[in-house]
Amino acid sequence: MTELNGKPAVTAAALRLKVGLAEMLKGGVIMDVMSVEQALIAEQAGAASVMALERVPAMIRAEGGVARMAKPGLIKQIIQAVSIPVMAKARIGHFAEAQILQELGVDFIDESEVLTPADEAHHIDKHAFTTPFVCGARNLGEALRRIAEGAAMIRTKGEAGTGDVVHAVQHMRQITREMRQLTVLTEQELYAAAKDLQAPYELVRMVAQAGKLPVPNFSAGGIATPADAALMMQLGAEAIFVGSGIFMKERATPLDVENDPKEREEAVSRAKAIVIATTHYNDPKILAEVSEQVTGTMKGLAAAAIEEKELLQTRGW
Amino acid sequence: MSDLVDMQSKPRIGVLAIQGDYAAHAAALEQAGAAPSLVKTPEDLRLDAQSALEALVLPGGESTTMLKFLEKRHFFNALRDFCVQKPVFGTCAGAILLAREVRNPAQHSLGLLDAVVERNAYGRQIDSTILTAETALPGGPLEMVFIRAPRIAAIGPTVEALAWRDGYPALVRQGTVMAATFHPELSADRRVHHLFVALVSGAPAR
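Sequence lines, in order, name chains A and B.
With our numbering, letter number 36 in the first sequence gets 36, and the count goes up by one each step, no holes.
One rule links them: number in our numbering = place in the second sequence (from 1) + 1000.
Here it is in structure tokens:
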């Protein structure tokens, strides 16, 4: 890792600090929040971090339009309100949005396919930032290309905003299978594997030796229930991102946590249950208890019913 | 040496595994000659009907998240009872959990270390840093990885400081309680974990 891209001085200590924060988030839940009130609910439920954004993926999908970085005012309010780390999303390739997020003091930047991409060829040069980045990936090659660009955390991509876990499962299985396959190759075979994966040889060799990514691998996209979170953890995720699963009611309508006590209670019950399920992912007795305590689940949208060109996960290359 | 003999001779040290970098701590303890196991419930503090773990590590992570779990199922009291009797080592979030008083914001804690700890005292992730500084531990300067680090603002008379950042204690010991505001588990230097394992091995039985 330390001599990647020929920038040893930039990466050695800086990269350790970036990956270090990702290490601290392991075993936790990172929740999408659209207001201070939601951020406080997330923190009180035990979220390890919150992702500040103006519209969760389910709303972006339903409402359309260009999805951009959240407004700085909202991000600053959320940073003020909670003591846990705050993340925010920048558009793919939009390094100016990332510069602004770093200036605001955001703890982790998500270069996210959920927002409308700003560059169809280049991702952000993440080594150029002090703030760590997380990026999505559907396969090992994509994950390693993002790590080569400086990502300190990978999240396997599900189909965001659906509440359907099927693609999160598919891509986690894909990446773990590809990593296992690398571990049985000979030194000579790794060069061809690097060519096939379209990823730097050095990173391919590190995965072949360790059997895992050189940065933490979290799961995101379509996780809506405690059972979904437990499933992804058992499949090898090191932590869980929950987007629309906590605060959405119908496809484009959030629960009214500010004014309706019953809807607030529902959001709280979902958030608490997913946090507990992520820690106790291997304990069916606890999973059964917390699943029973959840008072409702987002309606969701079957990922198979979405047209290919409408998929968010295919953005990024 | 067979695994069985191996397990019997090594101190059995638990790592609180609610959330955070508990896997890094388990690996570091193993390198320092201990046999680590993960603790997710109060029952995990026991090995079997006859015996319990010998010591506990509270890892880095989010102290608010860990507290949520501890406040359920009598975990908090079970943990405090365990740590009163057996050695405990907290890093970063773990140090916050051990403190007598927590500031910025104030929050519940185990109160086992006579110290005042301020959360996120040095700023946000962008202010995280790796420093190499003098330490009372033998072997020269110590690398310290600070991530959204807390600060030990004050310590009681029975607390001994073993390393410092800007004049504030960064590694402390009070009897069988150890705490660090940095992350020795993320450095290659194992002196801090060796110190804790030695404390466990030499701790008087109570």
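For every residue, glycine included, the Cβ atom is placed at its ideal position computed from N, Cα and C.
Just so it is clear, the structure is predicted and the values come from calculations on it, not from any experiment.
Query: Member of A:Ala45, A:Val33, A:Arg61 whose CA lies at the smallest distance from the CA of A:Glu318; Result: An answer regarding residue 318 of chain A cannot be provided, because it is not within the stretch 1 to 317 covered by chain A.
Query: Test: A:Gln104 CB closer than 7 angstroms to a CB of chain B; Result: In the sequence under discussion, the amino acid at residue 104 of chain A is Leu, which differs from the Gln named in the question. It does not; no Cβ of chain B falls within 7 angstroms.
Query: Residue range of the beta strand (DSSP E) that includes B:Glu1143; Result: 1142-1146
Query: Three-pair Cβ contact test at 8 angstroms for the stretch 153-169 of chain A versus the stretch 108-123 of chain A; Result: yes
Query: Residue from B:Leu1131, B:Ala1099, B:Leu1045 with nearest C-alpha to B:Asp1114; Result: B:Ala1099
Query: Where B:Thr1041 sits in the DSSP three-state scheme; Result: coil
Query: Short Cβ contact (7 angstroms threshold) for A:Ala271 with A:Asp164; Result: no
Query: Neighbouring residues, chain E, relative to B:Val1145 (Cβ below 8 angstroms); Result: No chain E appears in the structure shown, which is made up of the protein chains A and B.
Query: In DSSP terms, what B:Glu1160 is bridged to; Result: B:Arg1173
Query: Check whether B:Gly1094 and B:Leu1053 have beta carbons under 7 angstroms apart; Result: no
Query: Inter-stretch contact at 8 angstroms, needing at least 3 Cβ pairs: the stretch 190-209 of chain A / the stretch 10-23 of chain A; Result: no
Query: Short CB-CB distance (under 7 angstroms) between A:Met51 and chain B; Result: no
Query: 6 angstroms CB neighbourhood of A:Trp317 in its chain, flanking five on each side removed; Result: none
Query: Beta carbon proximity, A:Gly27 to chain B, threshold 7 angstroms; Result: yes
Query: Any chain B beta carbon closer than 7 angstroms to A:Ala42; Result: no
Query: Distance between B:Val1200 and B:Ser1051 (C-alpha atoms, nearest Å); Result: 16 angstroms
Query: Cβ of A:Ile84 within 7 angstroms of any chain B Cβ; Result: yes
Query: Beta-carbon contacts of A:Gly221 that lie in its chain and below 6 angstroms, excluding the five residues immediately before and after; Result: Lys157, Gly158, Glu159, Ala160, Ala168
Query: Neighbourhood of B:Asp1189 by C-beta, 7 angstroms cutoff - its chain only, sequence neighbours within 5 removed; Result: Leu1142, Glu1143
Query: Span of the alpha helix (DSSP H) around A:Ile41; Result: 36-45
Query: Below-7 angstroms beta-carbon distance, B:Asp1181 vs any chain A residue; Result: For the sequence presented, residue 1181 of chain B should be read as Thr rather than Asp. Cβ-Cβ to chain A under 7 angstroms: no for B:Thr1181.
Query: A:Thr295 versus A:Pro261, A:Ala192, A:His127, A:Ala143, residue with shortest Cα-Cα distance; Result: A:Pro261
Query: C-beta atoms of A:Ala277 and A:Pro226 nearer than 7 angstroms; Result: yes
Query: Anticipated Cβ contact below 8 angstroms, A:Ser49 with A:Leu17, distance rounded; Result: A:Ser49 to A:Leu17, Cβ: 16 angstroms. No contact.
Query: Which of helix, strand or coil DSSP assigns to B:Leu1112; Result: coil
Query: Span separating the alpha-carbon of A:Val86 from that of A:Asp125; Result: 21 angstroms
Query: Neighbouring residues, chain B, relative to A:Thr320 (Cβ below 7 angstroms); Result: Since the first and last residues shown for chain A are 1 and 317, residue 320 of chain A lies out of range.
Query: B:Gln1047 burial status per 10 Å Cβ neighbour count (16 or more: buried); Result: In the sequence as presented, Gln is not what sits at residue 1047 of chain B; that position holds Leu. When all chains shown are included, B:Leu1047 counts as exposed.
Query: Alpha-carbon spacing of A:Met1 relative to A:Asn139, whole angstroms; Result: In this predicted model, A:Met1 has a pLDDT of only 40, less than 50, meaning its place in the structure is not dependable enough to derive any value.
Query: Reduced DSSP category for B:Tyr1168 - H, G, I as helix; E, B as strand; rest coil; Result: strand
Query: Residues, ordered as in the chain, of the stretch 1137-1166 of chain B that lie near chain A by beta-carbon distance below 8 angstroms; Result: Val1145, Ile1147, Arg1148
Query: Nearest-angstrom Cα separation, counted from B:Leu1171 out to A:His123; Result: 41 angstroms
Query: Buried/exposed call for A:Glu120, threshold 16 Cβ in 10 Å; Result: exposed
Query: Chain-ordered chain A contacts of B:Pro1036 [CB-CB under 8 angstroms]; Result: The premise fails here: B:Pro1036 is roughly 15 angstroms from chain A at the closest Cβ pair, so nothing lies under 8 angstroms.
Query: Any chain B beta carbon closer than 7 angstroms to A:Glu289; Result: no
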